[in-house]
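These notes concern the structure reproduced below.
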Amino acid sequence: MSVTIGEAARASGVSAKMIRYYEETGLLGPAERTASGYRVYGAADLHALRFVRRARDLGFSMAEIADLLALWRDRERASASVKGLALAHVGDLRRRIRELEAMARTLENLAERCCGDGRPDCPILDDLAGKG
Numbered sequence: 001m002s003v004t005i006g007e008a009a010r011a012s013g014v015s016a017k018m019i020r021y022y023e024e025t026g027l028l029g030p031a032e033r034t035a036s037g038y039r040v041y042g043a044a045d046l047h048a049l050r051f052v053r054r055a056r057d058l059g060f061s062m063a064e065i066a067d068l069l070a071l072w073r074d075r076e077r078a079s080a081s082v083k084g085l086a087l088a089h090v091g092d093l094r095r096r097i098r099e100l101e102a103m104a105r106t107l108e109n110l111a112e113r114c115c116g117d118g119r120p121d122c123p124i125l126d127d128l129a130g131k132g
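Residue numbers for the sequence shown follow UniProt numbering, so the first one is 1 and each next one is one higher.
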């Protein structure tokens, strides 16, 4: 089974542009080519693209995805390595959540202090300008 880049994009949920990018950066190997130079993808390529898409959906970085792909392809890997990567990513996600929650609290506080009327005084803009 071989499919074109457009068909691979539809089947995997990864855009054709990103498929080319993943190939250029070495995340994925180069695609096979037809005699006329068109990229074609097999079942294993589609599986790898779906893997990358799922990892991106979970917020893994490109470097982390490269590590995960290497572990996925290594049938003699230790699952502890995969678990370690996943738990490190969970820690990073939790840190980012805390940071986002702090930003939301700050903005809520500033919005509560803003009258939101016709006057030009605005604590939100004052804070952003470093006057707050």
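Beta carbons are placed, not taken as given, at the ideal position from N, Cα and C, and that holds for glycine.
Quantities reported herein were computed from a predicted structural model and do not represent experimental measurements.
{"Query": "List the endpoints of the continuous alpha helix (DSSP H) containing ARG50.", "Result": "43 to 57"}
{"Query": "Can you tell me which of ASP126, ILE19 and LEU46 puts its alpha carbon nearest to the alpha carbon of ARG113?", "Result": "ASP126"}
{"Query": "Using three-state DSSP, classify GLU108 as helix, strand or coil.", "Result": "helix"}
{"Query": "Could you pull the start and end residues of the alpha helix (DSSP H) that MET1 belongs to?", "Result": "Neither: MET1 is in no alpha helix (DSSP H) and is coded neither H nor E."}
{"Query": "Tell me the rounded alpha-carbon separation between LEU68 and LEU27.", "Result": "11 angstroms"}
{"Query": "Are SER15 and TYR41 close, meaning C-beta to C-beta below 8 angstroms?", "Result": "no"}
{"Query": "Is LEU100 buried or exposed, if buried means 16 or more other CB atoms sit within 10 Å of its CB?", "Result": "exposed"}
{"Query": "If you draw a straight line from the alpha carbon of CYS122 to that of ARG94, how long is it in whole angstroms?", "Result": "32 angstroms"}
{"Query": "Beta carbon of LEU35, beta carbon of ASP45: below 8 angstroms?", "Result": "The question names Leu, but residue 35 is Ala in the sequence shown. Contact: no."}
{"Query": "What's the C-alpha gap between GLU7 and HIS47?", "Result": "13 angstroms"}
{"Query": "For LEU110 versus ILE124, is the C-beta distance shorter than 8 angstroms?", "Result": "yes"}
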